[in-house]
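Here's the structure, in structure tokens; my notes come after.
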């Protein structure tokens, strides 16, 4: 059975997207990406060096010809800053597939959806393929889809919190109603969180802090890779129905007492 993961008319084999922040150095970043076998990496345009040749460049460690760079607007708190950031990314690197992220406050890093809608509408009109970090609100996700974004990326929980996915029902609703990819973004803390995200039907998972802050980021990256594959296989196979009574594993018909 074919199981295609397509974003903006490009097909990817890996459903794990990896962030490039918070590692001790670029060597570790590259090693973790390699272990994860991710084909997309997020790049915070405001924080990661992709243009200043006088300092180490991310591109020297992760080849953009082999790995798809996904410039994002981390650190932007209004639509104007987000638009300026992504336009500069397109001008400097030619990146058209981008991740929009407009934050509401510095404590929770929750998305400001009003500013997100405004920026998404403009970016789509300008021809960008926009993947959007958003609240886990089914209505908001549907509105973004209607705007024409390439993918919605509802948060599992607070960015960098490692709290997993406390509101699983909303993720299921979002996936069932969406005709575009749904990628759980933020809050993944361990491999089991990634498995759950995929078992809920998510098309992919974005992980950064859980890998970068692990005692062994390289091993954790491999673990996340396996978790995403396992969760996807479980979703496709269709889990058994839950019951409120026991059911013996072995058949009772033909037992000597029957």
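Residue numbers (the numbering used here): 1 to 258.
Each residue gets a CB set at the ideal place from its N, CA and C atoms; glycine is no exception.
Cβ neighbour criterion (16 or more within 10 Å) applied to residue 106: exposed
Quick check: the segment 25-37 against the segment 210-227, are there 3 or more CB pairs under 8 Å? yes
Classify residue 11: buried if its beta carbon has 16 or more other beta carbons within 10 angstroms, exposed otherwise. exposed
Would residue 69 pass as a contact of residue 99 if the rule is Cβ separation under 8 Å? no
Output the residue ranges of the beta strand (DSSP E) runs that lie fully inside the segment 174-221 and measure 3 residues or longer, sorted by chain position. 183-185, 204-207
Nearest-angstrom Cα distance between residue 206 and residue 171? 14 Å
Span separating the alpha-carbon of residue 18 from that of residue 147: 26 Å
How many angstroms separate the CA atom of residue 41 from the CA atom of residue 16? 9 Å
At a threshold of 7 Å, does residue 177 count as lining the ligand MN (C-beta to nearest heavy atom)? Ligands displayed in this structure: none; no statement on the ligand MN is therefore possible.
Any chain D beta carbon closer than 8 Å to residue 189: No chain D is present in this structure, which holds just one protein chain.
Less than 7 Å between C-beta atoms, sequence neighbours within five positions excluded: which residues of the same chain meet that for residue 95? 69, 71, 89
Check whether the segment 144-163 touches the segment 117-134, counting contact only when three or more Cβ pairs, one atom from each stretch, lie closer than 8 Å. yes
Residue 224: which of 239, 76, 235, 208 sits nearest, CA to CA? 208
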